[in-house]
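Per numbering that gives the first Met the number 0, the sequence shown runs over residues 0 to 872.
Contents: one structure, followed by commentary.
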Amino acid sequence: MQRNGVLPAINAGTPSVAHRGVSPNVAKRAAWFTPRDGLGTPDRRTEQQSLASVAVPADGAFQPRHEQSPTITQPTSTSLEDALEVLHEVLIETDNQSDSAQRRDAALEETTRLHATEGQELERARFAADEQMQTTLELLQAELARERRAQSTREGSRPVIVPSTEKKSHSKRQAARLAPRLRNSPFKPRSKEFLSIKLHELWEERAYSQQDYETMREQVIEEKIRQVTLFQRLETARCSHTRQLNDAEAALRASQADGERLQARLAQARVSAAHEARRTAALAQSSKAERQRLVCALAETRHKFREWKEGEAATLRATREQAVHALRTEYELKLARHQEEKQKLRDKVKDLEVSLRLLQRDRQLSPDQLSERKGTLLQFTPGGVGFGDVGAADFIEAQGRIQELEGLLQLSKERQERQDELLRVSETALTRLNQERELDALENLSLPSPAVALALTNLTGVTPVEETDKPSGRRQSSTGGTDIEKEVLRRNSIVLSAEVNRYQKIVVQSMEEVRALKEFRRQTRSGSADNSAIVLTAREAYLLEELAASQREIDTMKAKLRKMRKKRKSKAKSNEKELLETDAAVMMIQSFSKGFLARRQFIRKKLAIGKIKARYRGYLVRKNYEALGSSMITTDRQLLPSGLTPEAAHDYLLVTEAMQYKMQIVEPHHEEPYICEGGGQSTSDMVDVVLRVSKDPPILQLQTTPSTPSNQETAVARVAYFHLFETIALLPYEDEEVVLETSSEKEIARIFAARLVVQCKGSDNRDYHFFITRTSKKEQESAANGKEDLVLGRRPRTLLTELPVQPMETRATSASSDTFEPPLDGAESVFVHEVDLDLLIREARTDPLKEDSASTRCVTGEDEVSEHGTARV
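Here's what the structure looks like:
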């Protein structure tokens with residue numbers, strides 16, 4: 000039997016055509032559909048099922064692609080359309096509140112164009128894949144047809160299966176296929192001679208069905224492999240287009256930031272140009288007046304010329320006065336800044352002293368107990384008065400140490416004065432000795448006689464050396480031998496030489512002491528280490544350096560002021576007639592200086608407000624893009640413990656240890672009691688909330704303390720941190736404008752407190768939720784006029800998202816550690832403790848979002864995580 004069959008179409012599911020009868024499994028195979036059917040529409044699948052009964056040509060030819068009527072439709076990217084709709088709605092809402100609507104429209108058009116280009120690229124890729132698949136299917140079906148023809152030819156050689164190998168026509172094959180049915184018709188009687196033929200036909204049909212099944216299985220596997228390859232290519236193309244879109248969005252954000260920065264520079268340039276224009280006009284006017292005055296002076300007499308010269312002198316005096324005023328203003332600013340720094344240092348030292356004393360009393364205090372006791376002491380001792388004289392004792396100790404150092408300095412000065420006095424006395428003694436020597440040389444003319452001197456020598460055995468000093472001994476007779484006179488002169492010269500040598504040694508010793516004292520002073524002034532500095536602690540050395548620097552500045556300014564006063568007095572004596580003009584010039588310069596300082600302060604304030612606004616706008620744009628990106632996030636993505644995705648975790652703001660110390664140092668900006676929702680309306684549900692606001696970094700700290708009665712245990716404060724820009728974005732429009740236009744942290748904290756709602760979380764009421772209400776002022780006024788009772792629970796509110804907080808690092812000698820290990824040496828532990836706290840406070844003073852700090856910072860206390868263009872937000 001010869002079999003000419005073809006490969007059935009995958010999508011259509013048509014059965015193969017052979018000389019045998021229709022198999023009962025054909026209907027089942029016709030209802031199958033491959034994964035390729037998933038790319039089509041329901042109409043396409045219906046049409047494929049309807050074509051299942053249509054036979055293909057006998058020679059196994061396959062229809063070309065252009066003859067196939069059904070088309071393949073592609074699924075639309077609903078996620079991109081939803082993202083575009085969300086972006087469009089956000090832009091419509093923010094167009095009325097921002098002046099960058101045109102830039103956002105341009106960005107939206109660019110995004111739409113990129114999405115359209117991406118869709119076209121995906122469509123072309125799918126069409127190309129379909130074309131390739133169709134060509135492959137045609138080749139496979141042609142190859143399968145050839146294999147079947149060859150197989151049927153090989154099977155024809157076996158006489159058991161196929162008795163005849165001759166090629167039959169289609170009609171003959173149809174007749175041969177229908178012959179068994181006609182023979183087995185119910186209208187004819189059955190006989191035993193056809194059982195073998197029926198069995199042979201059933202065996203043949205089973206063999207053909209098995210071959211069709213194997214062929215169909217191979218085709219389905221190949222089609223699945225091709226579909227997986229095509230899907231991978233499409234995913235690669237989609238990822239590449241997504242990366243291009245992200246790069247374009249990043250470039251757009253960078254261009255927007257550059258535009259805002261250029262606008263700020265343009266505004267500043269305009270202001271400076273206006274000031275320059277006014278200054279030029281003023282200079283032109285003054286030059287014109289000067290020219291007129293010169294013309295009048297040349298036309299008038301010498302008296303007018305003298306007055307003109309006096310006017311020039313007045314101008315010079317006014318200039319000098321202006322310089323004096325500028326120096327005085329600078330000195331006052333420096334002095335005020337120095338006083339402010341000293342006050343800050345005093346406050347910091349006071350806080351650290353409280354912590355240190357509490358830890359010295361009880362070293363097993365935890366950070367919560369330490370903060371609790373410190374808050375209790377500071378609450379019941381306003382202004383630091385009555386705190387057991389702990390801070391006062393340390394302050395008195397520091398003052399005593401400073402006085403001791405001043406006494407040492409005064410002692411060294413007195414010692415130097417004594418050395419100078421000794422030097423002067425030595426010089427006086429040398430001068431006196433020289434004078435006495437000259438007198439002795441003059442008095443040698445009246446020496447005693449040699450006989451008397453020799454007799455005195457023989458009687459006493461001692462040369463009368465001391466008698467030469469007396470005038471009576473020198474006025475003896477000048478008669479005597481020359482030998483005795485020479486001996487006396489020689490002995491006198493020996494005595495004088497010994498005295499001179501002794502005084503020279505004294506002078507040399509005093510000079511060495513003076514030189515050593517001068518060297519000690521020079522080393523002390525140059526900052527070299529000395530014996531007294533080794534004994535000092537770090538805080539005392541710092542205070543001593545500050546005191547010395549302040550004293551030097553004060554001495555310098557006093558010297559300058561004395562010089563200026565002397566010059567002013569000398570000029571006042573010579574120019575008493577021009578006091579009125581001088582006073583007018585000084586007042587004018589002072590008014591101009593005050594105006595200049597006020598303008599500079601106003602410009603700085605405006606620039607700071609503009610910087611905050613720019614950062615806030617960048618935060619809003621970044622959040623919009625994050626909202627667009629979150630719509631395409633699948634639901635099975637694993638989140639971090641903080642509720643963030645792994646991709647967004649590194650861009651979120653982290654409250655580092657340095658930020659926490661900085662917020663502890665900052666004074667509270669606002670404090671207000673609240674009724675905590677979620678519990679009963681009793682006094683136990685009252686909480687005290689302390690608000691602290693920081694603009695750099697943008698952080699809002701809420702410190703919540705339950706208001707417990709006196710008979711209960713001391714309440715533990717709970718501290719939470721929130722993003723400042725996120726809280727501003729939740730405010731109504733009018734409050735948002737007020738917050739962005741003001742530069743006072745207290746006003747910002749007051750507005751936040753007016754919109755804040757506290758809710759208890761949990762049964763123990765030790766954890767809280769914080770909400771921001773969205774009720775506008777107009778709604779409140781209408782509710783007040785209508786006498787409606789607005790319950791806080793009914794107002795629309797939004798939950799604030801807490802920022803992740805870096806755990807406090809355990810330190811052996813730090814005030815924030817849970818355990819305090821006592822060291823062997825007490826003084827050394829105090830020193831290490833002070834150094835540790837000073838390092839932490841210096842770290843808190845640094846700007847963690849300076850992003851632009853260049854290198855990446857670690858969260859373990861070294862450098863913080865990199866501030867990428869988004870400044871960790």
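Note that beta-carbon positions come from the ideal geometry of N, C-alpha and C, so glycine has one too.
Counting only residues of its own chain and dropping the five nearest sequence neighbours on each side, Q758 has a CB closer than 6 Å to the CB of E676, G677, H768.
When DSSP states are grouped into helix, strand and coil, L799 belongs to the coil group. Using a 10 angstroms sphere on the CB of F724, the tally of other CB atoms reaches 16 or more, which defines it as buried. With a minimum length of 4 residues, the unbroken runs of alpha helix (DSSP H) contained wholly in the segment 687 to 765 fall at 723 to 729, 732 to 740, 744 to 754.
Non-local C-beta neighbours of M563 in its own chain, meaning closer than 7 Å and more than five positions away in sequence, comprise V323, ordered along the chain. Between the C-alpha atoms of T235 and T228 there is a straight-line separation of about 11 Å. Beta-bridge partners of H669 (DSSP): L690.
Between L729 and I771, the gap from beta carbon to beta carbon is short of 7 Å.
Per the coordinates, the alpha-carbon of Q284 lies some 29 Å from the alpha-carbon of R327. Taking C-beta atoms under 8 Å as the contact rule, A748 and V692 qualify, at a distance of about 5 Å. DSSP lists Q758 as the bridge partner or partners of H768. Separation of R301 and A273 (C-alpha to C-alpha, rounded to the nearest whole angstrom) is 41 Å.
Ranking M587, K349, E84, K308 by CA distance to the CA of T318 puts M587 first. With fewer than three CB-CB distances shorter than 8 Å, the segment 141 to 149 does not count as touching the segment 231 to 251. Distance from the CA of A571 to the CA of L355, rounded to the nearest whole angstrom, comes to 58 Å. By the Cβ-count criterion, I553 is exposed, with fewer than 16 other Cβ atoms from all chains shown falling within 10 Å of its own Cβ. Around L244, the same chain offers L113 as residues with beta carbons nearer than 7 Å, after the five sequence neighbours per side are excluded.
Distance between E221 and M215, taken at the CA atoms: about 10 Å.
Nearest to T135 by C-alpha distance, out of R372, S425, I224, V689, is I224. Between Q700 and A716, the C-beta spacing is not below 7 Å. Within the DSSP secondary-structure output, E676 pairs in a beta bridge with Q758. Taking the Cα of P806 as reference, the smallest distance to any Cα among A719, E736, D734 is reached at A719. For V654, DSSP records a beta bridge to V804. At the C-beta level, R796 and V756 come within 7 Å of one another.
By the beta-carbon neighbour count (other beta carbons within 10 angstroms, threshold 16), D104 is exposed.
The alpha-carbon separation between K565 and K333 amounts to approximately 24 Å. Beta-bridge annotation (DSSP): M685 is paired with I674. In the structure shown, the three-state DSSP call for D350 is helix. Here S742 is near I608, since their CB atoms are less than 7 Å apart. With a beta-carbon spacing of about 12 Å, L351 and L369 fall beyond the 8 Å limit used to define contacts. At the C-beta level, M658 and Y330 stay beyond 7 Å of one another. Between L251 and A106, the C-beta spacing is below 7 Å. Secondary structure at S365: coil, using DSSP grouped into helix, strand and coil.
Look at R773 here: in three-state DSSP terms it is coil, with no helix or strand label.
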